[in-house]
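Enquirer: Residue numbers 11 to 201, in our numbering, belong to the letters of the sequence shown in order.
Note that CB positions come from ideal geometry on N, CA and C, so glycine has one too.
All values reported here derive from a predicted model rather than from experimental measurement.
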Amino acid sequence: MKTNFWQYYLSIEEDIDRLFRYIEPSEDNFSTYSVELTRLYLAICSELDVILKAYCKLLDDDSKASRINEYAELINASNKDISTASLNLQRFRLAITPFSDWEKSITPKWWKKYNGVKHNRDINFRDANLGNVLNSFAGLYLLNLYYYHELRSIDLRKQGFFEHLEETASSLKSRLKVLKINSIWFEFHKR
11 MKTNFWQYYL
21 SIEEDIDRLF
31 RYIEPSEDNF
41 STYSVELTRL
51 YLAICSELDV
61 ILKAYCKLLD
71 DDSKASRINE
81 YAELINASNK
91 DISTASLNLQ
101 RFRLAITPFS
111 DWEKSITPKW
121 WKKYNGVKHN
131 RDINFRDANL
141 GNVLNSFAGL
151 YLLNLYYYHE
161 LRSIDLRKQG
171 FFEHLEETAS
181 SLKSRLKVLK
191 INSIWFEFHK
201 R
C-alpha cells in the first residue's frame, strides 16, 4: 500500500487556513490556545512522527529511528539543510525555521511542548498554542517536501538525472497559498 503523506498535509493545511479566519497568525497571538489548536497540534505532530520515521527509512533502509533525536541525527548526517530551511506564511510575512534547534543537536521546543500536551494535557493545555501549532505545521510541510524530493531522487538517480528541491516543491499541488520556502513562492493554483 502506497502512503500519501501529502494528502494528509493538504487536509491539515485547509484546517490551518480556516483557523486564520479566527486567529491572526502574528507573533502577538502566539500564546493563544484553544481546544481547536490542541486538536491540530496533536494531529500535526502525530503525522510528523509518522513521516519522520518514513523519511529516515528512505534515507537508510536499516533505520530503527523512533525518537526525535534519532530522526534528527540521521537526517542531519545525510547532509540535509533542513535545520536552516526557513518557511514563510505567505500572506502574513511570518518566518518560521521549525528545525533550527537541530543545528545545536537539541530537540525543537515545539516538539517538547507537544509531548507535554500529549501526555499531560490537563497540565500543559496552554502549550497547545498558535506558536507551537505554526512551528509544527511548517515542520510538516518541510518534511513532506524533503520526503518527496528524496523519493523522486532515488528513481531519477537510477536514470542519471537530478531534480532540485524547488522542482519537487512545484510538483506538489496545494489548493491554498499558505507557505513559501526561502525565496520561492508556491502559487500552485496558477498552474
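If distances are taken between C-alpha atoms only, which option among Ser180, Asp38 and Glu57 comes closest to Trp121?
Expert: Closest by alpha carbon: Glu57.
Enquirer: Pair every Cβ in the region 27 to 35 with every Cβ in the region 118 to 132, then say whether three or more of these pairs are closer than 8 Å.
Expert: Flag = no, the region 27 to 35 and the region 118 to 132 do not touch.
Enquirer: Between the alpha carbons of Ala87 and Lys128, how many angstroms are there, rounded?
Expert: Distance between the alpha carbons of Ala87 and Lys128 is about 29 Å.
Enquirer: Taking just the CA atoms, how far does Ala82 sit from Glu113?
Expert: Taking the straight line from one Cα to the other gives about 9 Å.
Enquirer: Report back the beta-carbon spacing between Asp84 and Leu152 to the nearest angstrom; my notes put them in contact at under 8 Å.
Expert: Residue 84 is actually Leu in this sequence, not Asp. No, Leu84 and Leu152 are not in contact; Cβ-Cβ is about 16 Å, not under 8 Å.
Enquirer: Taking all protein chains shown into account, decide if Lys183 is buried (16 or more other Cβ within 10 angstroms of its Cβ) or exposed.
Expert: The residue is exposed, with fewer than 16 neighbouring Cβ atoms inside 10 Å.
Enquirer: Work out the CA separation of Leu150 and Ala95 for me, nearest whole Å.
Expert: Computed Cα separation, rounded: 13 Å.
Enquirer: So, helix, strand or coil for Tyr124, using DSSP?
Expert: Tyr124: helix per DSSP, three-state reduction.
Enquirer: Here's the rule: buried if 16 or more other CB atoms are within 10 angstroms of the residue's CB, otherwise exposed. What is Asn14?
Expert: Result: exposed.
Enquirer: Roughly how many angstroms separate the alpha carbons of Asp71 and Leu99, rounded to a whole number?
Expert: Each residue's alpha carbon lies about 34 Å from the other.
Enquirer: Report all residues from its chain with a CB closer than 8 Å to the CB of Ile106; omit the five preceding and five following residues, and keep chain order.
Expert: Correct list, in chain order: Ser96, Leu97, Asn98, Leu99, Leu144, Asn145 and Ala148.
Enquirer: Whose C-alpha, out of Tyr156, Leu68 and Ala179, is nearest the C-alpha of Asp91?
Expert: The candidate whose alpha carbon is nearest that of Asp91 is Tyr156.
Enquirer: Going by DSSP, which residues form a beta bridge with Ala105?
Expert: Partner(s): Asn98.
Enquirer: Tell me, to the nearest whole angstrom, how far the beta carbon of Lys119 is from that of Asp111; I am working on the premise that it is less than 8 Å.
Expert: That pair is a contact at about 7 Å.
Enquirer: Who are Asn86's beta bridge partners in DSSP?
Expert: BP columns for Asn86 are empty, so no partner.
Enquirer: Short of 6 Å in beta carbon distance, which residues of its chain neighbour Ser181, apart from the five on each side in sequence? Order them along the chain.
Expert: Answer for Ser181: no residue qualifies.
Enquirer: Hey, Phe135 and Thr42: beta-carbon distance below 8 Å or not?
Expert: No, the Cβ-Cβ distance between Phe135 and Thr42 is not below 8 Å.
Enquirer: Return yes when the Cβ of Lys63 is within less than 8 Å of the Cβ of Ser44, no when it is not.
Expert: In this structure, Lys63 does not lie closer than 8 Å to Ser44 by Cβ.
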